[in-house]
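Numbered by my numbering, the letters in the sequence shown go through residues 838 to 1127 in order. We put the beta carbon where it would ideally sit given N, CA and C, even for glycine. Note that the structure is predicted; figures quoted are calculated from it, not measured. Worksheet: one structure, shown below.
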Amino acid sequence: MSFKKNIIDLYGQRGQNWLDNLPEFYKKSAIKWNLFDLKPFENLSYNYVLGGKRDGSSIILKLACDKNELQQEINALIHFDGHGSVKLLGYDLELGAILLERLLPGEDLKSMFSAQEKESIEITCKVIRKLHSASRENLKNFKNISDWLVALNRDWNLPLNHLKKARELSEYLLATSAEQVLLHGDLHHENILSSGKNEWVAIDPKGIVGEPVYEVGAFIRNPMPELLEAPNVLQIIQKRIEYFAKNLNFDAQRIYQWVYVQSILGACWSLDGNQDPSYFIELANIIEKH
């Protein structure tokens, strides 16, 4: 699916207006930060991302239509302050632009699926430990997982049994959550990049407050659609949960529960963005089999 179609499907006329003004936004950003050799990446999804140079150093320029979501990312990057996350070099909300360090070689964990599962989980655990070691202060400036989960209570064209179970489980998980940290919120394979020798860093944080166990769900649900195309998908998911529970001292059953809830939440968000929710429903069906 094309970048332009994604934007228009999600944002409608506002998205079209943003696309029309995009050349002006990145030209102004280039002038503001003295950027050169800007070239857009391929396979863009919902943000316009370019690589380039500033003062001889490699940088990333990211332009977003949704300024509220971009503000959340800016706040999260400031909060993490390089603890497991990419470094923020500058931002301009009026332009909807952020300037980031470029991670090199910049390979993501998707290339390790599914031959190097254990290694990629160990890498992800290291990143999670760093992210969650950031300050626990000023968390009130961020949204809570409970704000996301409100979406489950809307009327959706989804199997009622899944919606009912996800609502009940989410209430239980929220009521029994003790420790609260700032989560990345979307820590899947393509949001963890290599940076130097044996170093890995998270990009694109959502910046949401919740219990640490929530964080592993994105990895377990991905990569899309390759995970569900694997012949042994249930075994892969079971092993992942086993590894994460052991490495991070998380309760395995609680991981299962969060992954299930996140799958149904993903289905809701897919419908909200005019996308097909079938991947997430199939995933929920598989998780129920454990």
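Taking the CB atoms as reference points, tell me whether residue i and residue j lie closer together than 8 Å.
i                  : j                 : result
leucine 900        : phenylalanine 862 : yes
arginine 1077      : isoleucine 958    : yes
arginine 973       : valine 1018       : yes
phenylalanine 1081 : histidine 1026    : no
tyrosine 885       : isoleucine 911    : no
glycine 1022       : isoleucine 1045   : yes
lysine 967         : glycine 921       : yes
Consult DSSP for residue i and reduce its assignment to one of helix, strand or coil.
i              : result
leucine 875    : strand
arginine 891   : strand
glycine 943    : strand
glycine 1033   : coil
glutamate 938  : strand
isoleucine 896 : strand
alanine 1039   : strand
leucine 1024   : coil
glutamate 931  : coil
glutamate 974  : coil
asparagine 990 : helix
arginine 1058  : coil
Find the nearest neighbour of residue i within the set the options, judged by alpha-carbon distance.
i             : options                           : result
glutamine 908 : Ile897, Leu925, Gly921, Ser894    : Leu925
arginine 1058 : Asp929, Val886, Ile1124, Tyr848   : Ile1124
leucine 986   : Asn880, Ile844, Gly1047, Asn1084  : Gly1047
leucine 1128  : Lys963, Leu1102, Leu1108          : Residue 1128 lies beyond the stretch modelled for the chain, which goes from 838 to 1127, so this question has no answer here.
serine 1014   : Lys1034, Pro1049, His999, Glu1036 : Pro1049
valine 1098   : Asn912, Asn880, Tyr1051, Asn1111  : Tyr1051
serine 882    : Arg851, Ile845, Ser894            : Ile845
leucine 1179  : Leu968, Lys904, Cys962            : The requested residue 1179 does not occur in the structure, where the chain is confined to residues 838 to 1127.
Report the partner residues of residue i according to the DSSP bridge assignment.
i           : result
valine 1046 : Asn981, Leu1019
leucine 925 : Leu937
alanine 901 : Asn884
Go to residue i, then tell me how far its beta strand (DSSP E) extends in each direction, as first and last residue.
i            : result
glycine 1103 : Unbroken run through glycine 1103 is the alpha helix (DSSP H), 1089-1109; no beta strand (DSSP E).
Alpha helix (DSSP H) containing residue i: first to last residue?
i                  : result
phenylalanine 1117 : 1115-1124
alanine 952        : Counting along the chain, alanine 952 falls outside any alpha helix (DSSP H), and DSSP gives it neither H nor E.
tyrosine 1051      : Tyrosine 1051 -> no alpha helix (DSSP H), and no H or E assigned at all.
glutamate 1005     : 997-1012
tryptophan 855     : 850-870
alanine 1082       : 1070-1085
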